[in-house]
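For the sequence shown, my numbering assigns the number 31 to the initial residue and increments by one for each residue that follows.
Read the structure below first, then the notes.
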Amino acid sequence: MPAIPSKPRVMISRALPEEVIARARSRADVDLHAGDKPLSKTELIARVKDREGLVCLITDTIDSSVFESSPGLKVVSNVAVGFNNIDVAAATKRGVVVTNTPDVLTETTADFAWTLLMATARRLVEADRYVRDGKFTQWEYMVLLGGDVHDKTLGIIGFGRIGRAMARRALGFNMRVLYQDAVAADPATERELRATRTDTATLLRDSDFVSIHTPLLPDTRHLINAQSLRTMKKTAYLVNASRGPVVDEAALVQALKEGWIAGAGLDVFEEEPKVHPGLMGLSNVVLAPHIASASSDTRIKMAALAVDNCLAVLEGQTPPTPVNPEVLGKR
Ligand code: DGY
């Protein structure tokens, strides 16, 4: 009798939607960390060391120490589009495939960046607090005045999938769109989205809203700093739903306190889950706990794609969304 091939061994570093875990279990021997806190590095290494696949989250730092102690590891599948928590160069060197979850979260993330934009400009969180604090005792003419959104200029830093989804929504508000990206969009896309490519300084100077959608790279760390914040209009708003370290948070606190800009909406922070204490007391900033992709549907799709990526590699198939496809050819 031919031996039944054993299932690939996969570690999943946090609880994901049940139906996705069930799918993983049907095709792999799964070790699931179901706790509500990320594993420490030591615990993670201990549980991954004899695994071929790892499905992980942005709260897991996957660096060379993980690769060195897991000689059988073939794939690291991040349940996120961003993958700055993984040392991709180290993975590539060891022939480990890294995958992420693009596309499935684009529209949900853009919806939320727009939520931050609107909430910040129209002071929604302050308004909610005003009502709950019993201050709405009569209709006031000059209370909680905000900034208009329609007909204004939206500056988008990073014109990938999510940046473009932001621009598409801006059409409905009759906004002018400026964008900055290393790569120009094709002319048809620029026409369709009524978007004009410009340099960062012009974008910062001319925009009423600046929304960041660039990955965290050595070049984009502190892309928004004291100098850039001083370049922005005093009436402008900053939105960040990409990665916290793209913005120098200390400089942003100063800008918000001293009125260099009108406000900010932040879903991400420099040292998550820590938030700069200076931001906490300010009323002209809306703060969210990194939830831009957190709709029920999208979180299921992200988990499913991550598991599919992982199983595809372990079953000798091409994963749908590899980050380092060069490794595939060498396997
Ligand atoms: C991502 O996908 O990179 C988000 O930050 C988490 O959903």
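All C-beta atoms in this analysis are idealised placements derived from N, C-alpha and C, irrespective of residue type, glycine included.
Note that the structure is a prediction, hence the values are computed from the model and not measured.
Can you check DSSP and say which residues form a bridge with C86? Within the sequence shown, the letter at position 56 stands for residue 86. According to DSSP, which records beta bridges pairwise, C86 is partnered with N108.
Per DSSP, what are the beta-bridge partners of K304 in this structure? Along the sequence shown, one-based indexing puts residue 304 at 274. Answer by DSSP bridge pairing, in chain order: E301.
Checking the sheet assignment: what are the DSSP bridge partners for R206? Against the sequence shown, residue 206 aligns to sequence position 176. T183, per the DSSP bridge assignment.
Counting only runs of 3+ residues fully inside the segment 265–337, write out the beta strand (DSSP E) ranges in chain order. 267–270, 293–296 and 315–317
Report whether the distance from the Cβ of S325 to the nearest heavy atom of the ligand DGY is below 8 Å. Counted from its first residue, the sequence shown places residue 325 at position 295. No.
What does the Cβ neighbour count give for M196, buried or exposed, with the cut at 16 atoms within 10 Å? One-based indexing of the sequence shown puts residue 196 at position 166. M196 should be labelled buried.
My output table needs one value for A215: the three-state DSSP class, helix, strand or coil. As a working note, residue 215 is residue 185 in the sequence shown. Residue state, collapsed to three classes: coil.
Comparing C-alpha positions only, which one of T232, T230 and G193 sits nearest to A215? The count along the sequence shown starts at 1 and reaches residue 215 at position 185. That would be G193, whose Cα lies nearest to the Cα of A215.
Less than 8 Å between the CB of G112 and some heavy atom of the ligand DGY, yes or no? Taking the sequence shown and counting its residues from 1, one reaches residue 112 at position 82. At least one heavy atom of the ligand DGY is nearer than 8 Å to the Cβ of G112, so yes.
Within the segment 49–88, note down every full beta strand (DSSP E) run reaching 3 residues or more, in order along the chain. 59–62 and 83–86
The ligand DGY heavy atoms versus the CB of M332: any closer than 8 Å? Residue mapping note: residue 332 aligns to position 302 of the sequence shown, counting from 1. M332: yes, Cβ under 8 Å from the ligand DGY.
For S237, report the span of its alpha helix (DSSP H) as first-last. Residue mapping note: residue 237 aligns to position 207 of the sequence shown, counting from 1. Neither: S237 is in no alpha helix (DSSP H) and is coded neither H nor E.
Just checking, does the segment 216–225 make contact with the segment 135–154 on the three C-beta pairs under 8 Å criterion? no
Residue burial classification, C162 (beta-carbon count within 10 angstroms, cutoff 16): Residue 162 sits at position 132 when you count from the first residue of the sequence shown. A small fix is needed here, since residue 162 is Arg in this sequence, not Cys. Counting Cβ neighbours within 10 Å, R162 comes out exposed, since fewer than 16 surround it.
My output table needs one value for P355: the three-state DSSP class, helix, strand or coil. Along the sequence shown, one-based indexing puts residue 355 at 325. Three-state result, P355: helix.
Member of K182, S107, V179 and T145 whose CA lies at the smallest distance from the CA of N354: Here residue 354 refers to the residue found at position 324 of the sequence shown. Of K182, S107, V179 and T145, the residue nearest in Cα terms is S107.
Per DSSP, which one or two residues make a beta bridge with I254? For the purposes of this step, residue 254 is identified with residue 224 of the sequence shown, where counting begins at 1. Answer by DSSP bridge pairing, in chain order: V277.
On the DSSP bridge assignment, give the partners of A140 in chain order. Position 110 of the sequence shown, counted from the start, is the residue given in the question as residue 140. In the DSSP output, where bridge partners are listed per residue, A140 has none listed.
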